[in-house]
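The block underneath contains the structure these notes are about, expressed in structure tokens.
And the structure:
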């Protein structure tokens, strides 16, 4: 069975026509994983028992359940999203032995619609990284070139879809962690508007920036998964009711959509081969008579990255305080005789948190500490306001922004690990989106040799429908 | 360049035990990141309100009632305690 051509709809059709059972589908995907994942490293845990029991239940109740939107569709989940009764490590040694006591809301919703979970995918530790190399276990390689990174932090998610280990995956995005690996692995990745997808069951990194989103083969699949996982959740009070998405201006026909090219994401900042591919996409839009204008969002790249590292680390320092060896996870109490309670915290965290995690917790602790709070955190929050206003100004002229997802080709393993700052710069075109509470999609726009390149579409909050429309159009013309 | 004393102070606040080597490395790395964020000093932030939250939600509350479905989760949470006595989480003495 050729797995690479399956999208949600094409596989569902085969299953509904009874050309293949769900059990056979699952077996085929696990065979593929067994054959190829040793050299890619997309999965941390395979959930074979769960997958086969789900498959058997779906096959047995075929007549009753066959119309579920994800009937029999295998998917993977980033290992910072809780799946009940399965290990959830967040890519960290400190949660190496942690078994999730409940399902994340998004997992519950996908299960209800007939999806079959194959396993938990690899990630940068606590979602901190842009390459996948910060996983405490092993890095995920790019399926298109095993000497290169898969991108991060949803590295395993993107690689699992690209390598045909599943039909789609769930990842999370705080400053590009869905979009960058999607771009590097040649798949579609959506960072939904903050508030549209429940974070209940997502291991928190930066609570005002994190969002769960789909990584898929096609834009249509991303839309389908988004519709299933989104919507108000009483268990996450930061989710918003659906009626916000139904605004009139988000129903514009393709020809009436105005697209902006923010100059800060182009002039001299790109690898020439990438520039050519982006120009190709722009020409496709121009041929359709879609209006394209230059806009400016002056502080949305370098300054946004600076704001991000202060704001994100500050939130991280608070969110990761819970990993202390007391309630769950690894604890130093099994290894050492200690005198005081505080020693449990110091020693557990010192031993079991990774380098990058410690770096960010320390930076955030510093930015919030007495004497520095105003100069760093508060100042960053005010610049974040400026960035938000600059995006709002641009969106008065256009409906969507088009940019490259990343200024260069997927980099090699080890290329950016020596200097933390060089790794941080990978997020330069994506970070503004999370800071301003917008939505964005990365979709493949071609290859340079065998290396995928992604293009990014950015929209106002709740304008996912416009992004899907333009995305599907570009996708069709790229075939 | 951030001082060794400051790094140790931060590590203390963050409750992380660092080795001597780590203290030196963090001195270097944190200084380099703080240098990068210096660019924010040049921006005019006068009259700007901090942007704390992307949504217009306010005071989302629910009734203070226990949900039955969450009781089975309680059992699983207790099973994750590193050290316990019956249903109590056991920790080192605080006093």
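Chains as they are written, first to last, in our numbering: chain A, 92 to 570; chain B, 829 to 923. Where a beta carbon is used, it is the ideal one built from N, C-alpha and C, also for glycine.
Close beta carbons around residue i, own chain, < 6 Å, minus the five adjacent residues each side
| i | result |
| --- | --- |
| residue 486 of chain A | 551 |
| residue 150 of chain A | 112, 113 and 114 |
| residue 128 of chain A | 134 |
| residue 364 of chain A | 539 |
| residue 349 of chain A | 382, 489 and 490 |
| residue 419 of chain A | 189 |
| residue 198 of chain A | 174 |
Same chain only: Cβ atoms within 8 Å of residue i, ignoring 5 sequence neighbours per side
| i | result |
| --- | --- |
| residue 333 of chain A | 321, 322 and 323 |
| residue 386 of chain A | 351, 352, 353, 354, 485, 488, 489 and 492 |
| residue 531 of chain A | 270, 281, 282, 521, 524, 547, 548, 549, 550 and 558 |
| residue 177 of chain A | 136, 138, 141, 190, 191 and 211 |
| residue 505 of chain A | 224 |
| residue 389 of chain A | 355 and 481 |
Nearest candidate by alpha-carbon position, reference residue i, set the options
| i | options | result |
| --- | --- | --- |
| residue 490 of chain A | A:209, A:555 and A:128 | A:555 |
| residue 477 of chain A | A:394, A:510, A:422 and A:519 | A:394 |
| residue 840 of chain B | A:562, A:509 and A:412 | A:412 |
| residue 308 of chain A | A:98, A:239 and A:115 | A:98 |
| residue 903 of chain B | A:102, A:223, A:137 and A:192 | A:192 |
| residue 206 of chain A | A:301, A:146, A:215 and A:196 | A:146 |
| residue 161 of chain A | A:101, A:184 and A:189 | A:101 |
| residue 517 of chain A | A:527, A:500, A:526 and A:529 | A:500 |
| residue 231 of chain A | A:164, A:449 and A:250 | A:250 |
| residue 446 of chain A | A:172, A:372 and A:220 | A:220 |
| residue 875 of chain B | A:568, A:511, A:473 and A:519 | A:473 |
| residue 369 of chain A | A:537, A:179, A:304 and A:109 | A:537 |
| residue 571 of chain A | A:424, A:260 and A:118 | This structure gives no information on residue 571 of chain A, because the portion of chain A shown stretches from 92 to 570. |
For residue i, three-class secondary structure by DSSP
| i | result |
| --- | --- |
| residue 915 of chain B | coil |
| residue 351 of chain A | strand |
| residue 232 of chain A | strand |
| residue 471 of chain A | helix |
| residue 247 of chain A | helix |
| residue 264 of chain A | strand |
| residue 511 of chain A | helix |
| residue 890 of chain B | coil |
| residue 287 of chain A | coil |
| residue 276 of chain A | helix |
| residue 303 of chain A | strand |
| residue 854 of chain B | helix |
| residue 544 of chain A | strand |
| residue 338 of chain A | coil |
| residue 254 of chain A | coil |
| residue 531 of chain A | strand |
| residue 329 of chain A | coil |
| residue 210 of chain A | strand |
Interface flag, residue i vs chain B, CB-CB below 7 Å
| i | result |
| --- | --- |
| residue 200 of chain A | no |
| residue 516 of chain A | no |
| residue 302 of chain A | no |
| residue 511 of chain A | yes |
| residue 472 of chain A | yes |
| residue 476 of chain A | yes |
| residue 449 of chain A | yes |
| residue 437 of chain A | yes |
| residue 440 of chain A | yes |
| residue 484 of chain A | no |
| residue 275 of chain A | no |
| residue 297 of chain A | no |
Proximity test, Cβ basis, 7 Å: residue i and chain A
| i | result |
| --- | --- |
| residue 857 of chain B | yes |
| residue 836 of chain B | no |
| residue 831 of chain B | no |
| residue 894 of chain B | no |
| residue 851 of chain B | no |
| residue 913 of chain B | no |
| residue 916 of chain B | no |
| residue 844 of chain B | yes |
| residue 906 of chain B | no |
| residue 949 of chain B | What the structure shows of chain B is the stretch from 829 to 923, and residue 949 of chain B is not part of that stretch, so it cannot be assessed. |
| residue 897 of chain B | no |
| residue 923 of chain B | no |
| residue 886 of chain B | no |
Own chain partners of residue i with C-beta closer than 7 Å, once the 5 adjacent residues on each side are dropped
| i | result |
| --- | --- |
| residue 404 of chain A | 451, 454, 455 and 458 |
| residue 245 of chain A | 169, 214, 262, 263, 268, 269, 272 and 306 |
| residue 180 of chain A | 135, 170, 186, 187 and 189 |
With a threshold of 8 Å, are at least 3 pairs of Cβ atoms found where one atom belongs to the stretch 278 to 289 of chain A and the other to the stretch 878 to 889 of chain B? yes
Between the stretch 372 to 381 of chain A and the stretch 399 to 406 of chain A, do three or more beta carbon pairs fall short of 8 Å? No, because fewer than three Cβ pairs between the stretch 372 to 381 of chain A and the stretch 399 to 406 of chain A fall closer than 8 Å, the two stretches do not touch.
When you compare the stretch 847 to 854 of chain B with the stretch 883 to 902 of chain B, are there three or more beta-carbon pairs, one atom per stretch, that lie closer than 8 Å? no
Would you call the stretch 464 to 480 of chain A and the stretch 237 to 247 of chain A touching, i.e. three or more CB-CB distances under 8 Å? no
Does the pairing of the stretch 558 to 570 of chain A with the stretch 437 to 445 of chain A give three or more beta-carbon distances under 8 Å? no
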